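Written out below as structure tokens is the structure these notes cover.
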Amino acid sequence: MNKEKKESKSTISIPMVKTHENEVNEMERIISCVDHYETLGLTRYDKNDAILLKKEYKKKAMLVHPDKNMGNPLASESFKKVQFAYEILSDSIKKRDYDDHLRNQDSKTLFHKSASSSRQATSDYFSDESRRIHCTKCDLMHIWDCSQYHQAKDGDGWV
1 MNKEKKESKS TISIPMVKTH ENEVNEMERI ISCVDHYETL GLTRYDKNDA
51 ILLKKEYKKK AMLVHPDKNM GNPLASESFK KVQFAYEILS DSIKKRDYDD
101 HLRNQDSKTL FHKSASSSRQ ATSDYFSDES RRIHCTKCDL MHIWDCSQYH
151 QAKDGDGWV
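With full-length UniProt numbering, letter number 153 in the sequence shown gets 153, and the count goes up by one each step, no holes.
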């Protein structure tokens with residue numbers, strides 16, 4: 001007698017860990033952050049000591065760790081972002097360079113806002129009414145230059 005072994009295919013399933021709402025919110029917040037300070041929940045340019053930095057890093061890393069949040073695609077990305085932020089802010093040279101970069105960005109943004117607001121103020125200052133002049137040829141009011149055609153008279157010249 002020939003016995004055949006029937007092999008049953010067993011599928012290995014990875015248990016899905018239920019992700020809490022606050023963890024998902026934190027992952028979304030971290031991904032949407034624009035700088036490393038915001039990522040770790042610190043204030044920019046303040047004297048943040050190494051103990052506080054490490055504490056905030058550990059808290060955020062534990063909250064969004066991919067092993068803790070299996071099956072959530074945001075977990076890996078937000079964890080990497082937290083790691084990179086900690087790597088930059090914990091190294092004094094990298095932190096100094098990063099702070100200089102942020103200051104340059106801030107000054108450029110401030111300059112552009114200032115320039116655009118001054119252009120707006122200038123255009124408001126020179127409204128149509130303020131640019132009206134009295135035309136000596138036709139005795140009407142025109143905006144700076146008379147756009148009507150007038151015959152030249154004796155003594156008129158090019159200006």
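Cβ coordinates follow ideal geometry from the N, Cα and C atoms, glycine included. Remember, it's a predicted structure, so these values are computed and weren't measured experimentally.
Taking Gly-41 as the reference, which of Asp-67, Val-82, Met-62 has the closest Cα? Val-82
Quick one: complete alpha helix (DSSP H) runs, 4+ long, within the stretch 34-62? The alpha helix (DSSP H) runs of length 4 or more contained entirely in the stretch 34-62 are, from start to end of the chain, 36-40.
Taking the beta carbon of Asn-69 as the centre, do at least 16 other beta carbons fall within 10 Å, making it buried, or is it exposed? When all chains shown are included, Asn-69 counts as buried.
By how many angstroms is the C-alpha of Leu-110 removed from the C-alpha of Ser-76? 35 Å
State the DSSP-derived secondary structure class of His-20, mapped to helix, strand or coil. coil
Buried or exposed for Glu-23, going by 16 or more other Cβ atoms inside 10 Å? With 16 or more other Cβ atoms within 10 Å, it is buried.
Distance CB(Ala-85)-CB(His-36) smaller than 7 Å: yes
Top-ranked residue by Cα proximity to Glu-87, from Asp-46, Asp-154, Met-27, Lys-58: Lys-58
Between which two residues does the alpha helix (DSSP H) holding Gln-83 run? 73-90
Candidates Cys-33, Asp-49, Phe-79, of which the one nearest Ser-90 by Cα: Cα-wise, what sits closest to Ser-90 is Asp-49.
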